[in-house]
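Below: one structure, written as structure tokens.
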Amino acid sequence: LKEKHKILHRLLQNSSCSDL
Amino acid sequence: PESADLRVLAKHLYDSYFKSFPLTKAKARAILTGKTGDKAPFVIHDMNSLKAGEHYISFKQPPVPDQGQQQNKDMEIRLFQSCQFRSVEAVREITEFAKSIPGFVNLDLNDQVTLLKYGVHEVIFSMLASVMNKDGTLVSCGQGFMTREFLKSLRKPFCELMEPKFDFSVKFNALELDDSDLAVFISVIILSGDRPGLVNVKPIEDLQDNMLQALELQLKMNHPDSPQLFAKLLQKMTDLRQIVTEHVQLLQLLKKTELDMDIHPLLQEIIKDLY
């Protein structure tokens, strides 16, 4: 699941994700 | 004491809702009814006003490697790209809000992903109602107002994208929820223990049970004259699932038929194998 949802996973782990 | 705990929970959710979502329902309704004292939103009602609005309003566009190529795409696709960009922002806002729900970040990480994958669009369409009325929708943080008729006049299948959301919004807005109610309602949506593929359902159900009690009390306190509101609101959750199913089917159709159009990778991973 983690592999298929890398961006969601990143959003959960890190609030910035400014590259989206 | 139990009621006091539920009130503290509702207050906490209301506070984090304000931190997570820049355009609240209170602000949106003030703009829609002309009570802000600021200038009225720029009305987009046809292709010419859309073109004019692109200069007037700071439409947020996704970063694209080739701006020239983007300019050449037709108006429907460019409009859809703006909608997508707003959806991605909304997913980010909803994720931040979800992380503030007590107990959410302690859930299994895979389950957190699943809850967001299935919940974000239901939350987006619940909150979209706040910026809509029967005639149109606020866009670009309330700087613009796009009419329902204009959205209906777009070429197929783009014209079919928003109409079900307007139908839902009119009925949902009749419940007259405010931001403090919505904060608890969207928490209930996120904590749905029946999403496919959840690993550890029990702690999610326990959190949702508590959240449902907080919602019931919130509505009793905030809407003493509407004793059926809690039951009516729970029924809306079924409507939301139907809207999301149709929305995802339409996105999948667009992906196949509009070869010029890119679906944002975050939205792709959300809609893949969803329903």
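Residue numbers (this note's numbering), protein chains in the order written: chain A, 55 to 74; chain B, -8 to 266.
Even glycine gets a Cβ: it sits at the ideal position worked out from N, Cα and C.
Span of the alpha helix (DSSP H) around residue i
i: M322/B; result: This structure cannot settle anything about residue 322/B, because the visible part of chain B is limited to -8 through 266.
i: M212/B; result: V192 to N213
i: R20/B; result: K16 to L23
i: F221/B; result: L220 to T248
i: G110/B; result: L100 to L119
i: R83/B; result: M66 to S91
i: K2/B; result: E(-7) to S11
i: V96/B; result: Careful: V96/B lies outside any alpha helix (DSSP H) and carries neither H nor E.
Beta-bridge pairing of residue i - partner residues as DSSP gives them
i: L129/B; result: F136/B
Element boundaries [beta strand (DSSP E), containing residue i]
i: V34/B; result: F33 to I35
Three-state secondary structure assigned by DSSP to residue i
i: M252/B; result: coil
i: N124/B; result: strand
i: K162/B; result: helix
i: R64/A; result: helix
i: K56/A; result: coil
i: L258/B; result: helix
i: S40/B; result: helix
i: V55/B; result: No answer about V55/B holds up, because its pLDDT of 48 lies below 50 and its placement is not dependable.
i: I267/B; result: As displayed, chain B neither begins before -8 nor continues past 266, which places residue 267/B out of reach and without an answer.
i: D170/B; result: helix
i: L142/B; result: helix
i: Y47/B; result: helix
The ligand FAD heavy atom lying under 8 Å from the CB of residue i
i: D216/B; result: Here there are no bound small molecules, and the ligand FAD is not part of this structure.
If the cut-off is 8 Å on Cβ atoms, which residues from the region 99 to 129 of chain B count as contacting chain A, listed in chain order?
L100, N101, Q103, V104, T105, L107 and K108
Listed from N- to C-terminal order along the chain, which residues in the region 79 to 94 of chain B have their beta-carbon within a distance smaller than 9 Å of any beta-carbon of chain A?
V79, E80, V82, R83, T86, E87, A89 and K90
Got a sec: which bits of the region 246 to 258 of chain B sit with their beta carbon under 7 Å from any beta carbon on chain A, in order along the chain?
P256 and L257
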